[in-house]
Amino acid sequence: MSPAAFVTRFAPSPTGYLHRGHAFSALTACQAARDAANEGLSGRFLLRLEDIDATRCRPQFEAAIYEDLAWLGLHWEQPVRRQSEHMADYGAALRDLSERGLTYRCFRTRREVAEAIESAPHGAMEAFRGGPLPADEEEARVEAGEAYAWRLSLDAAERALGGFGALTFDEQGQGPNGKHGVIQARPELGGDVVLARKDVGVAYHLAVVVDDALQGVTQVIRGQDLFAATHVQRLLQALLALPTPAYRHHRLLTGPDGKRYAKRDRAETLRDLRASGMTPQTLRAELGF
Numbered sequence: 020m021s022p023a024a025f026v027t028r029f030a031p032s033p034t035g036y037l038h039r040g041h042a043f044s045a046l047t048a049c050q051a052a053r054d055a056a057n058e059g060l061s062g063r064f065l066l067r068l069e070d071i072d073a074t075r076c077r078p079q080f081e082a083a084i085y086e087d088l089a090w091l092g093l094h095w096e097q098p099v100r101r102q103s104e105h106m107a108d109y110g111a112a113l114r115d116l117s118e119r120g121l122t123y124r125c126f127r128t129r130r131e132v133a134e135a136i137e138s139a140p141h142g143a144m145e146a147f148r149g150g151p152l153p154a155d156e157e158e159a160r161v162e163a164g165e166a167y168a169w170r171l172s173l174d175a176a177e178r179a180l181g182g183f184g185a186l187t188f189d190e191q192g193q194g195p196n197g198k199h200g201v202i203q204a205r206p207e208l209g210g211d212v213v214l215a216r217k218d219v220g221v222a223y224h225l226a227v228v229v230d231d232a233l234q235g236v237t238q239v240i241r242g243q244d245l246f247a248a249t250h251v252q253r254l255l256q257a258l259l260a261l262p263t264p265a266y267r268h269h270r271l272l273t274g275p276d277g278k279r280y281a282k283r284d285r286a287e288t289l290r291d292l293r294a295s296g297m298t299p300q301t302l303r304a305e306l307g308f
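Written as structure tokens, this is what we have:
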């Protein structure tokens, strides 16, 4: 009998250089796969590049990811899945949802969406919920070349599933407020999320659930900053009849200023640490590995 599968992944975006927070996440996932293998499971660690943002992703950042992870002593299966090479997979999932009336074209700008939320009476809207335009108006705006996003309709999804009460996920780490164990998914907190844009064939939530299913991921190990994303991703798994992995959201590393490491804040990169003479053994020990 084949050992039970334990498949996890590290999925960075090549939009900048990796920092300590990325190293901690990658090491956490890789160590979990090794621990599973030591327990007799088929522990597998995958690397996936979430490179759908063509305006920010750069070849040099992708090359640096491989260099930094190898420097840390990590090994991953080949080939590496690059999202930009699998747009057909995401397109098929989007067509499935659209043909079942679960999506709609949204022509609102980000500012207009924010204004709609703010203007909701008594805070009735926890997040944006809209709906399709009349068919003739939509057709005219499409023909005029206006930008739009494909959004998931929560109202339609709720009708299709007969409610969200059966949507749960297994949290093996710790979410906000110490949440752990079987958790009730609340996709309504995310509103009608964007699944794709006119000029980009897929957005984060849809790509992630399709990738995890196609790669056989059984354990999603990632930072607590992505805990909220799990709610809508659980909904998409149900709508697309995809398996639901277990989740383990780990703590976030913070710098001396108490802020979590982030690319946008120009956190010290692994390349910086390498250039300063730090060894991978020293960094691993600093991070608890």
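Numbering-wise, the sequence shown is residues 20 to 308 according to the numbering used here.
No residue lacks a Cβ here, since even glycine has one placed at the ideal position from N, Cα and C.
Quick caveat: nothing in here was measured; it's all calculated off a predicted structure.
Counted within 10 angstroms of its Cβ, other Cβ atoms place residue i as buried (16 or more) or exposed
i	result
D244	exposed
G142	The predicted position of G142 is uncertain, since its pLDDT is 49 and thus under 50; a value taken from the coordinates is nonetheless stated next. Exposed is the call here.
H309	With the chain covering only 20 through 308, there is no way to say anything about residue 309.
G40	buried
H199	exposed
R130	exposed
E11	With the chain covering only 20 through 308, there is no way to say anything about residue 11.
A286	buried
T273	exposed
E134	exposed
L233	exposed
A45	buried
T288	buried
Secondary structure of residue i, DSSP reduced to three states
i	result
A204	coil
H141	Reliability fails at H141, whose pLDDT of 47 lies under 50, so the model's placement of it is uncertain and the value that follows must be treated cautiously. Here H141 sits in helix by DSSP.
D276	coil
E68	With the sequence shown as reference, residue 68 is identified as Leu, and Glu is not the correct amino acid for it. If DSSP states are grouped into helix, strand and coil, L68 belongs with the strands.
G296	coil
S44	helix
G35	coil
E96	coil
E190	strand
L60	coil
T237	coil
G242	strand
R303	helix
R28	strand
L214	strand
A168	strand
Start-to-end residues for the beta strand (DSSP E) that takes in residue i
i	result
H105	Counting along the chain, H105 falls outside any beta strand (DSSP E), and DSSP gives it neither H nor E.
G150	Where G150 is concerned, there is no enclosing beta strand (DSSP E), given that its DSSP letter is neither H nor E.
L225	No beta strand (DSSP E) holds L225; the alpha helix (DSSP H) holding it covers 223-233.
G74	According to the sequence as given, residue 74 is Thr; it is not Gly. It is not in any beta strand (DSSP E) - T74 carries neither H nor E in the DSSP assignment.
R267	265-269
R119	Note, R119: premise wrong, no beta strand (DSSP E); not H, not E.
Limits of the unbroken alpha helix (DSSP H) element including residue i
i	result
R157	Correcting the residue type first, residue 157 is Glu in the shown sequence and not Arg. From DSSP, the alpha helix (DSSP H) with E157 extends over 154-162.
Q79	78-90
E177	173-180
A248	248-258
C-beta contact flag for residue i and residue j at 8 Å
i	j	result
D230	Q102	yes
A146	G197	no
H38	Y280	yes
R303	Y36	no
R91	A30	The question names Arg, but residue 91 in the sequence shown is Leu. Not a contact, by the Cβ cut-off of 8 Å.
T27	A56	no
I202	A48	no
T122	S172	yes
R67	V99	yes
A176	L258	yes
V236	Q252	no
A112	L225	yes
I84	V221	no
R124	W169	yes
A204	L180	no
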